[in-house]
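Chemist: If you're matching positions, the sequence shown starts at 164 in my numbering and goes up one per residue.
Attaching a single structure in structure tokens format; questions to follow.
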Amino acid sequence: MRERGARDRAGAGRGLIDVLVAGGGPAGLATAIHAALAGMEAVVVEPRTGPVDKACGEGLMPGGVAALAAMGVHPAGRPLRGIHYLDGRHQARAAFGHADGRGVRRTVLHAALARRAAELGVTTVAGRVREVRQDRDGVVAAGLRARWLVAADGLHSPARRSLGLDLPDRGPRRYGLRAHFRLAPWTDFVEVHWSGDGGEAYVTPVADDLVGVAILTSRRRPYPEHLAAFPALLARLAGAGAGDGTAPGMEGRTEPVTVVLGAGPLRRRVRARVAGRILLVGDAAGYTDALTGEGVSLAVRCAEALVGCLRRDRPQDYERAWRRLSRTHRLLTGALLLAAHRPATARLVVPAAQRMPALFTSVVRALA
Numbered sequence: 164m165r166e167r168g169a170r171d172r173a174g175a176g177r178g179l180i181d182v183l184v185a186g187g188g189p190a191g192l193a194t195a196i197h198a199a200l201a202g203m204e205a206v207v208v209e210p211r212t213g214p215v216d217k218a219c220g221e222g223l224m225p226g227g228v229a230a231l232a233a234m235g236v237h238p239a240g241r242p243l244r245g246i247h248y249l250d251g252r253h254q255a256r257a258a259f260g261h262a263d264g265r266g267v268r269r270t271v272l273h274a275a276l277a278r279r280a281a282e283l284g285v286t287t288v289a290g291r292v293r294e295v296r297q298d299r300d301g302v303v304a305a306g307l308r309a310r311w312l313v314a315a316d317g318l319h320s321p322a323r324r325s326l327g328l329d330l331p332d333r334g335p336r337r338y339g340l341r342a343h344f345r346l347a348p349w350t351d352f353v354e355v356h357w358s359g360d361g362g363e364a365y366v367t368p369v370a371d372d373l374v375g376v377a378i379l380t381s382r383r384r385p386y387p388e389h390l391a392a393f394p395a396l397l398a399r400l401a402g403a404g405a406g407d408g409t410a411p412g413m414e415g416r417t418e419p420v421t422v423v424l425g426a427g428p429l430r431r432r433v434r435a436r437v438a439g440r441i442l443l444v445g446d447a448a449g450y451t452d453a454l455t456g457e458g459v460s461l462a463v464r465c466a467e468a469l470v471g472c473l474r475r476d477r478p479q480d481y482e483r484a485w486r487r488l489s490r491t492h493r494l495l496t497g498a499l500l501l502a503a504h505r506p507a508t509a510r511l512v513v514p515a516a517q518r519m520p521a522l523f524t525s526v527v528r529a530l531a
């Protein structure tokens with residue numbers, strides 16, 4: 164009924180929808196929630212139903228937990244106290260300090276956001292935004308007319324591509340792979356294992372009996388082969404029980420209980436985040452790398468800033484707001500990515516963090 168009502172309003176010309184959101188992932192739902200909290204009518208266009216899974220590290224920084232709570236979103240998960248770097252010989256730990264982060268299954272986060280959006284009266288329409296037309300007064304997409312269109316349609320954003328906002332990127336291509344293992348978490352820190360050959364493994368407790376292991380790498384090979392590059396982590400995971408959905412190729416070895424999901428290439432360079440009455444948020448707005456684990460937290464904060472700009476009828480301010488909110492992430496992630504790409508410098512990251520604990524803690528708390 165809600166879906167039909169949205170189409171009827173648009174078709175009958177009974178006024179513009181305030182904000183039409185292309186994409187019902189965390190960035191899109193956060194935008195819709197902030198719009199609803201601001202008294203605006205929001206409609207989300209999303210082809211998938213139910214909680215949507217995605218390859219991601221699933222660790223929320225303290226700032227992201229606070230931003231979600233301010234929206235009335237409280238996903239269940241495991242508290243995270245900080246970041247722990249390891250390379251087999253060296254290690255460095257830094258606590259967030261002022262507040263905990265949270266390890267949250269992507270599907271749990273999505274369900275919590277969807278519930279909150281529904282509570283606030285956000286309409287969800289099943290479909291895809293394929294073609295967009297805009298004029299001085301509004302935007303038409305997916306058969307609906309709105310004052311603004313927010314493209315939250317992911318790394319490979321069709322909306323961004325159709326607007327010609329993609330920039331070429333000649334840097335190394337990085338990919339992410341993620342699966343879960345059925346065992347009790349052994350730490351309340353996010354562990355980052357550095358292999359020294361162009362890859363990292365991120366271990367995130369997400370439930371009392373479940374840990375997620377995400378691999379970031381520029382090398383294309385099966386997940387078991389990536390995991391083998393981290394012998395200490397592999398030993399920790401040994402004996403993790405298999406369950407429904409065990410990934411093919413892992414039988415008889417350390418076995419995940421969810422299918423391996425992948426994403427990438429991760430880096431996305433974008434010319435601008437505003438094109439007339441169309442604005443980009445989340446991964447669609449540009450992406451450096453998942454190395455520092457800020458994707459969801461940054462998307463939620465940018466969604467709030469975006470809606471604030473629309474309320475003031477100053478969409479042009481969003482570009483500056485996005486750059487300000489993402490500056491620390493872009494600078495620190497870019498520097499770490501540069502180091503991670505070269506084996507000689509990648510091997511120095513953890514020893515340097517161990518030798519300079521105050522600096523490492525400062526960096527972690529800046530990101531948090």
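No residue lacks a Cβ here, since even glycine has one placed at the ideal position from N, Cα and C.
1. Would you mind reading off the limits of the alpha helix (DSSP H) that contains Y481?
2. Identify whether G406 lies in helix, strand or coil by the three-state DSSP scheme.
3. Is L461 helix, strand or coil when you go by DSSP?
4. Could you check the C-alpha separation between G191 and M203 for me, to the nearest Å?
5. Would you mind working out which of M224, P242, G334 and R279 sits nearest H197, comparing C-alpha positions?
6. Do the CB positions of G188 and G317 come within less than 8 Å of each other?
7. Can you tell me the Cα-Cα spacing of R172 and L443, whole angstroms?
8. By alpha-carbon positions, which one of R241, H356 and A199 ends up nearest to A281?
9. In this structure, how does DSSP classify R310 when only helix, strand and coil are distinguished?
10. Can the beta-carbon of D452 be found closer than 8 Å to that of L424?
11. With burial defined as no fewer than 16 other Cβ atoms inside 10 Å of the residue's Cβ, what is the status of S525: buried or exposed?
12. Looking only at its own chain, which residues have a Cβ that is under 7 Å from the Cβ of I246, when we skip the five neighbours before and after it?
13. Which word fits E418, buried or exposed, when buried means at least 16 other C-beta atoms lie within 10 angstroms of its C-beta?
14. How do the segment 215-231 and the segment 257-269 stand: do at least 3 beta-carbon pairs fall below 8 Å, yes or no?
15. Tell me whether T212 is buried or exposed, calling it buried when 16 or more other Cβ atoms sit within 10 Å of its Cβ.
16. Please confirm whether A274 has its beta-carbon closer than 8 Å to some beta-carbon of chain D.
17. Would you decide whether G284 is buried or exposed? Buried here means 16 or more other CB atoms lie within 10 Å of its CB.
18. Are A342 and T421 touching if we call contact CB-CB under 8 Å?
19. Ordered along the chain, which non-local residues of its own chain (more than five positions away) have a Cβ less than 6 Å from that of A145?
20. If contacts are defined as beta-carbon pairs under 8 Å, then R241 and P368 qualify, I think. What distance do you get, rounded to the angstrom?
21. Ignore the nearest five residues each way along the sequence and tell me which others in P411's own chain have a CB closer than 7 Å to its CB.
22. Alpha carbon to alpha carbon, how far is L488 from R299? Give it in angstroms, no decimals.
23. What do you get for G327, buried or exposed, if any count of 16 or more other CB atoms within 10 angstroms of its CB means buried?
24. Between which two residues does the alpha helix (DSSP H) harbouring P225 extend?
25. Taking DSSP's pairing of strands, which residues face T287 in a bridge?
26. So for E467, helix, strand or coil by DSSP?
27. Alpha carbon to alpha carbon, how far is R518 from A468? Give it in angstroms, no decimals.
28. Should H237 be labelled buried (16 or more other beta-carbon atoms within 10 Å of its own) or exposed?
29. List the endpoints of the continuous beta strand (DSSP E) containing L247.
30. Which two residues bound the contiguous alpha helix (DSSP H) that contains H389?
31. Going straight from the alpha carbon of V208 to that of A305, what length do you get?
32. Just confirm the distance between the C-beta atoms of P478 and V437, as a whole number of angstroms; I'd bet it's less than 8 Å.
33. So, is D446 buried or exposed, given that buried needs 16 or more other C-beta atoms within 10 angstroms?
34. Quick one: what's got a C-beta closer than 6 Å to T496's C-beta in the same chain, skipping five residues either side?
35. If you draw a straight line from the alpha carbon of A185 to that of S320, how long is it in whole angstroms?
36. Beta carbon of A426, beta carbon of K217: below 8 Å?
Modeler: By the coordinates alone:
1. D480 to H504
2. Summary for G406: the model assigns pLDDT 45, below 50, so the residue's position carries little reliability, and this model does not support an answer.
3. helix
4. 15 Å
5. R279
6. yes
7. With a pLDDT of only 38 at R172, under the threshold of 50, the placement of this residue in the model should not be trusted, and no figure is reported.
8. A199
9. strand
10. no
11. exposed
12. A257, F352, V353, V355 and V527
13. buried
14. yes
15. exposed
16. Of the protein chains in this structure there is only one, and it is not chain D.
17. exposed
18. yes
19. Since the displayed the chain opens at 164 and closes at 531, residue 145 lies outside it and no answer follows.
20. 4 Å
21. Annotation note: pLDDT 44 at P411 (below 50); position unreliable, coordinate value reported separately. Answer for P411: no residue qualifies.
22. 28 Å
23. exposed
24. P225 to A233
25. V207
26. helix
27. 38 Å
28. exposed
29. Here residue 247 turns out to be His, not Leu, going by the sequence shown. Segment G245 to L249, the beta strand (DSSP E) holding H247.
30. Y386 to L390
31. 8 Å
32. 5 Å
33. buried
34. T451, D452, L454 and T455
35. 10 Å
36. yes
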